[in-house]
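Residues are numbered in this note's numbering as their position in the sequence shown, beginning at 1, plus a constant of 247.
Every residue, glycine too, gets a C-beta built ideally from N, C-alpha and C.
Values in this document were obtained by computation on a predicted structure and should not be read as measured data.
One structure below.
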Amino acid sequence: MKEQVVCKTTDIDPGEMKATNFGKQNVLVCRTLDGEFYAFLNQCTHQGAPLDKGIMCGATIDTSKPGEYHYRRNGEIIRCPWHGREFDIKNEGRMLANPEKKLPNYKVRVEDEDVIVYK
Ligand code: FES
Numbered sequence: 248m249k250e251q252v253v254c255k256t257t258d259i260d261p262g263e264m265k266a267t268n269f270g271k272q273n274v275l276v277c278r279t280l281d282g283e284f285y286a287f288l289n290q291c292t293h294q295g296a297p298l299d300k301g302i303m304c305g306a307t308i309d310t311s312k313p314g315e316y317h318y319r320r321n322g323e324i325i326r327c328p329w330h331g332r333e334f335d336i337k338n339e340g341r342m343l344a345n346p347e348k349k350l351p352n353y354k355v356r357v358e359d360e361d362v363i364v365y366k
């Protein structure tokens, strides 16, 4: 199994993300507000935008009535900088609008202060 220390836990605050390298691949490491780490290929599935130039945010989802909107999942969504596709960090990088599509993702574990990405 290939694995690599990609950064320190202190390099990424909760609610932030950072591009790094895993071998030759450019990987996006995200830290959600609960402190968990996730890693994805740093490339949008649409036209390849670098997702680290986008934002981590929430989304207007779970609307129950027409005209009623709820902003939820703050810090759990990556929004692409080019055309706004949104990917669910806690659900394997699945696209909100089309969950069958997802970002290539990696496993992550933390040992002491090290954030380790592996396949
Ligand atoms: S490149 Fe990401 S939405 Fe188009």
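Option in the options with minimal Cα separation from residue i
i      : options                        : result
Gly340 : Leu298, Gln294, Lys249         : Leu298
Val252 : Pro261, Arg319, Glu263, Val274 : Val274
Lys348 : Cys291, Tyr318, Arg319, Val364 : Cys291
Backbone secondary structure at residue i - three-state DSSP
i      : result
Lys354 : strand
Lys366 : coil
Asp335 : strand
Near the ligand FES: residue i beta-carbon under 8 Å from a heavy atom
i      : result
Arg332 : yes
Gly340 : no
Ala296 : yes
His293 : yes
Cys327 : yes
Those residues which DSSP pairs with residue i across a bridge
i      : result
Tyr318 : Thr307
Asp361 : Lys255, Glu358
Sequence ranges, beta strand (DSSP E) only - wholly within the stretch 250-288, length at least 3: 250-255, 263-269, 272-278, 284-288
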